[in-house]
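A short write-up of the structure that comes next.
Residue numbers (my numbering): 21 to 160.
Pasting the structure below:
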């Protein structure tokens, strides 16, 4: 499969029980339908950092594609952009045919952190934990 953003080849890498497809050029990640939920349920954190530490980031030629992002699985289908998340907005490009999703660099870790924070809100009584999370992000 080819990266929808830069056209480089995607590398299949294992994370827990999921195989993610990572672009070594722009560091984006392609997830097949259902893989994000599997990662969220597994409690995985800092996946992108772990992938880089474990598999490195070999140099890949950076190219540029014209037009809209295309699904690496369906090839001719354009990806649609949505902003998702409860705690912090994350841009996600998804395919309307296979329901896979493209996440730019650091967006997967943001979504996984968002799930962790949302779980803490539910466990810790809601408002207090949510406000603490907001304050922590403001301090960054």
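We put the CB at the ideal spot given by N, CA and C, even for glycine.
The beta strand (DSSP E) with residue i in it runs from where to where?
| i | result |
| --- | --- |
| residue 99 | 99-104 |
| residue 42 | 38-43 |
| residue 33 | 30-35 |
| residue 51 | 49-51 |
| residue 58 | From DSSP, residue 58 is part of no beta strand (DSSP E) but of the alpha helix (DSSP H) over 55-62. |
| residue 23 | Unbroken run through residue 23: none, as it is neither H nor E. |
| residue 113 | 110-115 |
Ends of the alpha helix (DSSP H) at residue i?
| i | result |
| --- | --- |
| residue 125 | Run containing residue 125: none; DSSP gives neither H nor E here. |
Assuming the contact rule is C-beta atoms closer than 8 Å, residue i and residue j should be a hit. Round their C-beta distance to whole Å, please.
| i | j | result |
| --- | --- | --- |
| residue 123 | residue 51 | 7 Å |
Could you check if residue i is buried or exposed, using at least 16 other CB atoms within 10 Å of its CB as the buried criterion?
| i | result |
| --- | --- |
| residue 130 | buried |
| residue 44 | buried |
| residue 134 | buried |
| residue 42 | buried |
| residue 116 | exposed |
| residue 57 | exposed |
TODO: Take every Cβ of the stretch 22-33, pair it with every Cβ of the stretch 85-100, and state whether three or more of those distances are shorter than 8 Å.
DONE: Short answer: they touch.
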